[in-house]
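Engineer: Residue numbers (this note's numbering): 1 to 299. This is the structure, below, for whatever I ask next.
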Amino acid sequence: MCKMLVFLFVFPLMASAAFGQVAVKKGEPEKIKLWNGKAPIGDGNFEEGDATISVHKPEKPNGAAIVICPGGGYGGLVTGAEGHGIASWLNSHGITGVVLEYRLPKGRTFVPLLDAQRAIRTVRANAKKWEINSDKIGIMGFSAGGHLASTAGTHFDGGDPKAADPIDRNSCRPDFTVLIYPVVTMGEKTHGGSKNNLLGKNPDAKLVELFSNEKQITAKTPPAFLAHAKDDKVVVIENSSAFADAMRLQKLPVKFLELPSGGHGLNGYKGEMWDRWQTQSLAWLAELKFIPAIPETPK
Numbered sequence: 001m002c003k004m005l006v007f008l009f010v011f012p013l014m015a016s017a018a019f020g021q022v023a024v025k026k027g028e029p030e031k032i033k034l035w036n037g038k039a040p041i042g043d044g045n046f047e048e049g050d051a052t053i054s055v056h057k058p059e060k061p062n063g064a065a066i067v068i069c070p071g072g073g074y075g076g077l078v079t080g081a082e083g084h085g086i087a088s089w090l091n092s093h094g095i096t097g098v099v100l101e102y103r104l105p106k107g108r109t110f111v112p113l114l115d116a117q118r119a120i121r122t123v124r125a126n127a128k129k130w131e132i133n134s135d136k137i138g139i140m141g142f143s144a145g146g147h148l149a150s151t152a153g154t155h156f157d158g159g160d161p162k163a164a165d166p167i168d169r170n171s172c173r174p175d176f177t178v179l180i181y182p183v184v185t186m187g188e189k190t191h192g193g194s195k196n197n198l199l200g201k202n203p204d205a206k207l208v209e210l211f212s213n214e215k216q217i218t219a220k221t222p223p224a225f226l227a228h229a230k231d232d233k234v235v236v237i238e239n240s241s242a243f244a245d246a247m248r249l250q251k252l253p254v255k256f257l258e259l260p261s262g263g264h265g266l267n268g269y270k271g272e273m274w275d276r277w278q279t280q281s282l283a284w285l286a287e288l289k290f291i292p293a294i295p296e297t298p299k
C-alpha cells in the first residue's frame with residue numbers, strides 16, 4: 001500500500017518554509033504557508049491553494065513538538081478547542097504546538113494527508129531553529145483529525161535525500177501519535193460524514209482499505225496513545241479499540257484509555273474525562289522519554 005502512496009505523492013520543487021512565513025508580534029504563533037500557493041492534489045497534479053501551520057512556541061521548550069489536526073468531519077476545522085487551545089496547553093508543558101489547518105478533501109482524497117506529511121517534514125526541517133529534537137516530533141488529532149493523524153502515522157516515507165526542496169529531504173514519519181476520539185476505519189464502524197467527505201459516496205474498495213488505518217499498521221508504525229469515551233455515539237469506540245488491537249498484534253507501544261463517559265468531544269472539551277486524557281497522555285509521553293518526567297503533584 002505504501003508503494004501506491006509513494007507513486008501518488010509527487011511533490012513540486014518548493015521554496016523553503018521561511019519563504020511562506022508571515023511576520024508576527026511577540027507572543028503570537030508563527031504562521032507558515034506549507035506550499036507557497038501551489039499545492040499538490042495527488043497523481044502529480046497541483047492546484048492554486050495552500051495549507052498553513054501555526055507554530056506556538058513555549059517559553060521553555062523541552063525539545064518535543066506535536067502537529068495538531070483539528071476535527072470537523074473533513075468538512076470543516078474546529079481550530080479553537082481542538083487546535084490553538086491544545087497548542088496553549090502543550091506550551092504550558094514545554095511542548096511546541098503546531099496547529100495544522102489542512103485543506104479539506106472536496107473530492108481530492110489525498111489532500112489532507114499530503115498537508116499532514118508536509119507539516120511534519122517542515123517541523124523536522126526547522127527543528128534546530130525552533131529548539132526541537134528531530135526525533136521527538138509527534139502528531140495529534142481529534143475525531144476526523146484523529147483519522148488524519150492515524151493516516152500520517154501509518155502512511156509515511158523517509159524523505160528524498162536528493163530532493164531539490166530541502167523540506168522534502170526530511171522524513172514525514174511521526175515519532176508518536178496521540179489520537180483522541182478518532183475516526184480510524186473507513187469500514188463498517190466508520191463515521192459516515194467523514195467517510196463521504198474523504199472518499200466520496202461510492203468509493204473503490206481498495207481506497208476504503210487504504211484509509212482504514214487499523215489495517216495499515218506495520219512493524220514501523222510509531223507508538224500511539226488513544227482516548228475514547230465508551231458512550232461516544234458519533235464516532236464509536238470500536239475505531240480506537242481496533243487500532244489498539246492491531247498495534248498490540250505487532251507488539252508496538254500503545255496505550256488505550258477507555259473513558260467511562262463524556263461522549264464525542266468529552267463534555268465540550270472540559271471536565272474530568274477531558275482532564276484525564278491530557279494527564280495520562282503526558283505521563284505516557286514521559287514514560288517513552290519524549291518529554292521529561294512529569295513532577296508528582298503534592299497530596
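For each residue, glycine too, the CB sits at the ideal point set by N, CA and C. The structure displayed is predicted, hence computed values, not measured ones.
Give me, in chain order, the residues of the same chain whose beta-carbon lies closer than 6 Å to that of Arg269; leave out the 5 immediate sequence neighbours on both sides.
Structural biologist: Here the sequence assigns Tyr to residue 269, which means Arg is not the residue at that position. Once the five neighbours on either side are set aside, the close Cβ partners of Tyr269 are Ala81.
Engineer: Alpha carbon to alpha carbon, how far is Gly187 from Glu214?
Structural biologist: So the alpha carbons of these two residues sit roughly 10 Å apart.
Engineer: Just reading off the beta strand (DSSP E) that Phe243 is part of, what are its end residues?
Structural biologist: It is not in any beta strand (DSSP E) - Phe243 instead sits in the alpha helix (DSSP H) that spans 238-249.
Engineer: In terms of residues, what are the limits of the beta strand (DSSP E) holding Gly42?
Structural biologist: Counting along the chain, the beta strand (DSSP E) containing Gly42 begins and ends at 38-42.
Engineer: Which class does Ser171 belong to by DSSP, given the choice of helix, strand or coil?
Structural biologist: Coil.
Engineer: Who are Met140's beta bridge partners in DSSP?
Structural biologist: Met140 is bridged to Ile68, Val178.
Engineer: Below 8 Å, how does it come out for the stretch 45-52 and the stretch 218-237: are there three or more Cβ pairs, yes or no?
Structural biologist: No, the stretch 45-52 does not touch the stretch 218-237.
Engineer: How would you call Arg248, buried or exposed, if buried means at least 16 neighbouring beta carbons within 10 angstroms?
Structural biologist: So Arg248 ends up on the exposed side.
Engineer: Does the structure place the stretch 82-90 close enough to the stretch 111-119 that three or more beta carbon pairs sit under 8 Å?
Structural biologist: No, because fewer than three Cβ pairs between the stretch 111-119 and the stretch 82-90 fall closer than 8 Å, the two stretches do not touch.
Engineer: How would you call Asp43, buried or exposed, if buried means at least 16 neighbouring beta carbons within 10 angstroms?
Structural biologist: It counts as exposed.
Engineer: Can you tell me the Cβ-Cβ gap for His191 and Val183, rounded? I've got them flagged as a contact below 8 Å.
Structural biologist: Yes, they are in contact, since the Cβ atoms of His191 and Val183 sit about 5 Å apart, within 8 Å.
Engineer: Could you give the DSSP three-state label for Ala116: helix, strand or coil?
Structural biologist: Three-state DSSP puts Ala116 in a helix.
Engineer: Use the C-beta contact count for Ile217: other C-beta atoms within 10 angstroms, 16 or more gives buried, fewer gives exposed.
Structural biologist: Label assigned to Ile217: buried.
Engineer: What would DSSP say about Val98, mapped onto helix, strand or coil?
Structural biologist: The answer is strand: DSSP assigns Val98 an E or B state.
Engineer: Leaving aside the five residues before and after Met273 along the sequence, list all residues of the same chain whose C-beta is less than 7 Å from its C-beta, in chain order.
Structural biologist: Counting only Cβ-Cβ distances below 7 Å, and skipping sequence neighbours, we find Ala229, Leu259, Ser261, Gly262, Leu266, Asn267.
Engineer: Tell me where the alpha helix (DSSP H) around Leu90 begins and ends.
Structural biologist: That run of the alpha helix (DSSP H) goes 85-91.
Engineer: Using CA coordinates, which residue listed in Thr122, Lys38, Pro105 is at the minimum distance from Ile32?
Structural biologist: The shortest Cα separation from Ile32 among Thr122, Lys38, Pro105 belongs to Thr122.
Engineer: Is Asp337 buried or exposed, if buried means 16 or more other CB atoms sit within 10 Å of its CB?
Structural biologist: Lying before the first or after the last residue shown, residue 337 is absent from the chain, which here runs from 1 to 299.
Engineer: Work out the CA separation of Glu101 and Glu296 for me, nearest whole Å.
Structural biologist: Using only the alpha carbons, I get a separation of about 35 Å.
Engineer: Per DSSP, what kind of secondary structure is Val111 in: helix, strand or coil?
Structural biologist: Three-state DSSP puts Val111 in a helix.
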